[in-house]
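Presented below is the structure to which this report refers.
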Amino acid sequence: MSRNWTTRAESSADIPAIREINLAAFPTSAEADLVDALRADPAAWIEGLSLVAVDESGRPVAHALLTRCHVDDTPALCLAPCAVLPERQRTGAGSAAVRAALAAARALGERHVVVLGHPDYYPRFGFTRARDHGIRVTIDVPDEALMALGLDAGHPLPSGTVHYAAPFGI
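Residues in the sequence shown are numbered consecutively from 6, following this note's numbering.
Given below as structure tokens:
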């Protein structure tokens, strides 16, 4: 069941709900802990690029986060993690949060996004296989799981190695 979701940038009041979304969506606390660590990292965190989709009461039910990374020396964004409360999965809430995050990044003048995720999910947002653009990572991942998206047609995706923010540990 898909619906029109309201999305917005996170506020400080949303931080506990965002942690709960990530704890509920993943089998361990690793993603919730990663969000907290990224929020505390001034080299990674970009105000306005942590987006939530909220229910009718204004409660966050989905979260998408973009933080700073680099492809070699070129600034880019990393989309991770993305999470939805289990009872709200497959309702479009996660897609709404991702679309809102990408729109916010465009509005800030960002040009490139990488994601390491499910190859059947992220192409709906325009992501394509990163290897086709000469983008790689330093860890062993399935080729189809690393994807990239150009946000500005005037600036093609750079080639090189993705350098994630320190909290990712890669």
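For every residue, glycine included, the Cβ atom is placed at its ideal position computed from N, Cα and C.
Report yes if the CB atom of residue i is closer than 8 Å to the CB atom of residue j, and no otherwise.
i	j	result
Leu113	Phe132	no
Val24	Ala14	The amino acid at residue 24 is misidentified as Val; the sequence shows Arg. In this structure, Ala14 does not lie closer than 8 Å to Arg24 by Cβ.
Pro91	Val40	no
Val57	Ala108	no
Ile156	Arg116	Residue identity differs from the one stated: residue 156 is Leu in this sequence, not Ile. In contact: Leu156 and Arg116 (Cβ atoms closer than 8 Å).
Arg93	Ala67	yes
Ala22	Ala88	no
His75	His168	yes
Asp148	Arg136	yes
Ala106	Ala69	yes
Arg144	Leu162	For the record, residue 144 in the displayed sequence is Ile; it is not Arg. No, the pair does not count as a contact, with Cβ atoms beyond the cut-off.
Thr166	Val142	yes
Which residues in the same chain have their Cβ closer than 7 Å to the Cβ of residue i, if we skip the five residues on either side of it in sequence?
i	result
Arg73	Ala48, Ala49, Ile51, Pro80, Leu82 and Ala170
Ser17	none
Ala98	Trp10, Ala58, Val66, Ala67 and Val89
Asp46	Ala170, Ala171 and Pro172
Ser164	His138, Gly139 and Ile140
Tyr127	Val120 and Met152
Ser34	Leu28
In the DSSP assignment, the alpha helix (DSSP H) including residue i goes from what residue to what residue?
i	result
Leu43	Ala35 to Arg44
Arg24	Ile20 to Ala30
Note the first and the last residue of the continuous beta strand (DSSP E) segment covering residue i.
i	result
Gly155	Leu151 to Gly155
His160	His160 -> no beta strand (DSSP E), and no H or E assigned at all.
Asp49	Residue identity differs from the one stated: residue 49 is Ala in this sequence, not Asp. Element bounds for Ala49: n/a, residue is neither H nor E.
Pro65	Pro65 to Val76
Going by beta carbon distance, what residues of the same chain come within less than 8 Å of residue i, once the five residues before and after it are set aside?
i	result
Ala150	Leu121, Gly122, His123 and Pro124
Can you name the residues that DSSP bridges to residue i?
i	result
Arg141	Thr166
His123	In DSSP, His123 forms no bridge with anything.
Val59	Thr11 and Pro65
Pro80	His75
Ala88	His68
Whose C-beta lies closer than 6 Å to the C-beta of residue i among residues of the same chain, with five residues either side of it excluded?
i	result
Val59	Thr11 and Pro65
Ala42	Pro172
Ile175	Ile144 and Tyr169
Val118	Leu82, Leu84 and Leu154
Completely contained alpha helix (DSSP H) runs for the segment 90-118, where each covers 4 or more residues: DSSP runs (the alpha helix (DSSP H)) wholly in the segment 90-118: 98-112.
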